[in-house]
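I have placed the structure first, in the form of structure tokens, so that the comments after it can refer back to it.
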Amino acid sequence: MEGVFTHIKSFDYFKTDNYSKLLAFLESEFDVYIMGHSCGLSDRTLLSTIFEHENCRKIKIFYHDNAENYRKTTYEISRHFTDKALMRERVLPITQCKPMPQSKMED
Numbered sequence: 283m284e285g286v287f288t289h290i291k292s293f294d295y296f297k298t299d300n301y302s303k304l305l306a307f308l309e310s311e312f313d314v315y316i317m318g319h320s321c322g323l324s325d326r327t328l329l330s331t332i333f334e335h336e337n338c339r340k341i342k343i344f345y346h347d348n349a350e351n352y353r354k355t356t357y358e359i360s361r362h363f364t365d366k367a368l369m370r371e372r373v374l375p376i377t378q379c380k381p382m383p384q385s386k387m388e389d
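Quick note on our numbering: the sequence shown kicks off at 283 and runs consecutively.
Put into structure tokens, the structure is as follows:
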């Protein structure tokens with residue numbers, strides 16, 4: 283049974299004091315900037331704690347390349363909210379977000 287928990291991220295939080303530091307940081311107002319993170323369910327515990335915290339003011343998405351990526355990211359973010367009205371208050375509309383700068387690889 284012990285091996286079942288090996289790959290669950292929540293148990294890795296006990297390895298350092300970073301989670302405690304994050305909780306201390308959340309005690310003042312903050313904005314969240316999403317850059318290159320899928321916001322998938324593997325980070326649900328952590329992201330729910332951040333996104334639904336009373337001190338979270340806004341969530342700004344720096345999307346990759348196009349509006350489709352912005353839309354997919356908002357779908358993923360929505361899975362971390364139990365209060366969908368709160369989600370709509372916090373996630374900024376695409377008109378207030380920007381595409382993430384991309385470096386051009388030279389041949």
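Just so it is clear, CB atoms sit at the ideal spot from N, CA and C, and this is done for glycine as well. Remember, it's a predicted structure, so these values are computed and weren't measured experimentally.
(Q) What would DSSP say about M382, mapped onto helix, strand or coil? (A) In the sequence shown, the residue the question calls residue 382 occupies position 100. In the structure shown, M382 sits in coil (DSSP, three-state: anything other than H, G, I, E or B).
Q: For Q378, collect the residues of the same chain with a Cβ closer than 8 Å to its Cβ; drop the 5 residues on either side in sequence, then sort them by chain order.
A: Locating residue 378 in the sequence shown gives position 96, counting from the first residue. Closer than 8 Å at Cβ, skipping near neighbours: K342.
Q.
Using 9 Å as the threshold, is the C-beta distance between E334 and T364 below it?
A. On the sequence shown, residue 334 is found 52 positions in, with the first residue counted as 1. On the sequence shown, residue 364 is found 82 positions in, with the first residue counted as 1. A contact, by the Cβ cut-off of 9 Å.
Q | Whole-Å CB distance - N337 paired with E311, under 8 Å assumed | A | Counting from 1 along the sequence shown, the entry for residue 337 is found at position 55. Counting from 1 along the sequence shown, the entry for residue 311 is found at position 29. Approximately 5 Å separates the beta-carbon atoms of N337 and E311; this is inside 8 Å, confirming the contact.
**Q.** Beta-carbon proximity list for L329, same chain, < 7 Å, skipping 5 on both sides
**A.** Working through the sequence shown from its first residue, we reach residue 329 at position 47. So the qualifying residues of the chain are C321, H362.
Q | chain B within 9 Å of S320, Cβ atoms only | A | Looking at the structure shown, chain B is missing, and only one protein chain is on hand.
Q: Starting from F225, follow the alpha helix (DSSP H) in both directions and report where the run begins and ends.
A: In the structure displayed, the chain extends from 283 to 389; residue 225 sits before or after that span and is not available.
(Q) Give me, in chain order, the residues of the same chain whose beta-carbon lies closer than 8 Å to that of G318; leave out the 5 immediate sequence neighbours on both sides. (A) For this step, residue 318 is matched to residue 36 along the sequence shown. Only F344, H346, M382 meet the Cβ criterion.
Q.
Buried or exposed for Y352, going by 16 or more other Cβ atoms inside 10 Å?
A. Here residue 352 refers to the residue found at position 70 of the sequence shown. Burial call: buried.
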